[in-house]
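Engineer: First residue of the sequence shown? That's 35 in our numbering, and the numbers climb one at a time after it.
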Amino acid sequence: MGGRLRRDLFRMVVSDLVGNHPNLHPERLDHYAGLVRRSTVEDPGWTAALLRWTRHGAGLAYTAHAGAAEFLAARLAAGLHGMSRQVVDSVLAEPNDPTWLLNYWSYKHGRALPKPLKRGIGDAVRRLYTEESVREHDHTFISLRFGDVLNRVHPKPVDERQSALFRSIVDRRYDRNAEECRPPPPPPPPRLPRVPGRTLLLADLTAVERYGFEDTAETVLTRCERADVVRFRRHGLPTDRERALLKVVRRSFRRHDRVVVITESQQLDRSLSRSVRRNVPLHVWDLNERDAEWATVSRHRYRHHATGAGALRALVLFEAGEQGLWPW
């Protein structure tokens with residue numbers, strides 16, 4: 035498979051670590067689905083590994099579910115057999131995942147369920163549906179209850195105890211007492227990666243103070259192997275603020291491995307991009323969430339909403355992807 039297709043698809047997945055629910059935008063979702071389908075036909079092994087990592091390594095449930103569904107659809111359209119069942123199973127990590135995958139499939143491809151989809155979900159259900167997970171996750175307000183999933187995919191229980199559990203799950207749909215479910219515990223915070231090499235961090239104090247980003251900026255510094263920090267303020271008209279930023283970048287850059295700009299309402303335009311050598315990664319972390327619903331990404335150039343842990347993870351992954359160093 036071409037390196038460009040791999041990079042484009044990987045960038046799109048990583049960009050979902052930042053931004054404001056990017057995959058809820060239909061045009062972007064269609065573009066992602068198209069990349070997955072092309073990648074599935076050209077290199078199914080690499081694509082399968084990417085989708086598994088997307089769910090388990092990146093923790094991006096919706097992105098992984100959509101990708102697995104499109105992987106299956108592409109294999110069916112091309113008349114290819116095998117792999118789809120395993121890929122579907124690999125992206126289902128939480129008890130509610132089968133529900134969300136079925137919802138996506140119905141929305142994009144209709145209610146008819148192909149056998150690899152049924153079997154992959156069935157494999158996952160046997161792992162994920164337990165007495166505890168039913169109590170915590172089988173809420174009455176979700177569109178497909180656990181019992182609905184069982185009725186649609188018809189998994190074969192592993193033993194009589196699981197068979198009895200599955201029967202109780204189906205009956206539970208009509209149990210009024212089932213409405214009181216314990217909320218699941220919050221997930222642990224993601225582990226922050228180390229940022230190798232020498233980083234130039236440019237912090238716009240006006241933006242950092244306005245959005246309360248001081249502590250997060252300091253955390254970023256502690257994760258850098260080596261970092262040079264330049265703090266500055268921008269005032270005046272947009273053109274004045276742009277010139278001030280360019281001046282700081284040009285004055286401060288000294289053979290760094292990357293440049294990170296923390297600011298607000300800053301486009302990654304031609305002038306800013308050219309202020310740093312083309313082969314040096316330039317990251318613009320925009321603290322104004324309204325201006326960055328998802329990452330704007332090109333080769334070695336990245337702009338997105340800075341979410342702290344998500345932005346730092348994305349930084350490391352974006353750069354690794356440019357070198358073909360996949361995280362799985």
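Think of the CB as a built atom: it goes at the ideal place given N, C-alpha and C, for glycine as much as any other residue.
Keep in mind it's a predicted model, so treat the numbers as computed, not measured.
(1) What are the residues that DSSP puts in a beta bridge with R347?
(2) Please state whether the Cβ-Cβ distance between R277 and L234 is less than 9 Å.
(3) Write down the C-beta distance between A100 and A67 rounded to the nearest angstrom, noting that I regard them as a contact closer than 8 Å.
(4) Restricting to runs no shorter than 4 residues, where is the alpha helix (DSSP H) found entirely within the region 148 to 186?
(5) Taking DSSP as the reference, what is the three-state secondary structure of V125?
(6) Counting only the same chain and skipping the five closest in sequence on each side, list residues whose C-beta sits under 6 Å from that of R260.
(7) Under a three-way DSSP split, which group does Y141 fall into?
(8) Closest to R89 by C-alpha separation, out of H115, D64, P132 and T74, would be which residue?
(9) Looking only at its own chain, which residues have a Cβ that is under 7 Å from the Cβ of R312, when we skip the five neighbours before and after it?
(10) Looking only at its own chain, which residues have a Cβ that is under 8 Å from the Cβ of L255, when we skip the five neighbours before and after it?
(11) To the nearest angstrom, how far is it from the Cα of P148 to the Cα of T174?
(12) Determine, using beta carbons only, whether L85 and V70 come nearer to each other than 9 Å.
(13) Taking DSSP as the reference, what is the three-state secondary structure of Y66?
(14) Look at V350 and P227 and say whether their C-beta atoms are less than 9 Å apart.
(15) Among V314, H290, R265 and R284, which one has its Cα closest to the Cα of T297?
(16) What span of residues does the alpha helix (DSSP H) with V204 cover, start to end?
(17) If you follow the beta strand (DSSP E) that R259 is in, where does it begin and where does it stop?
(18) Work out the CA separation of G154 and V122 for me, nearest whole Å.
Structural biologist: On the basis of the data shown:
(1) Looking at the DSSP assignment, R347 forms no beta bridge with any residue, so it has no partner.
(2) no
(3) 7 Å
(4) 149 to 162 and 165 to 171
(5) coil
(6) R232
(7) helix
(8) P132
(9) H334
(10) L235, A261 and V263
(11) 27 Å
(12) yes
(13) helix
(14) yes
(15) R265
(16) E194 to R206
(17) The sequence shown places Glu at residue 259, not Arg. Taken as a continuous stretch (DSSP letters only), the beta strand (DSSP E) holding E259 covers C258 to F266.
(18) 5 Å
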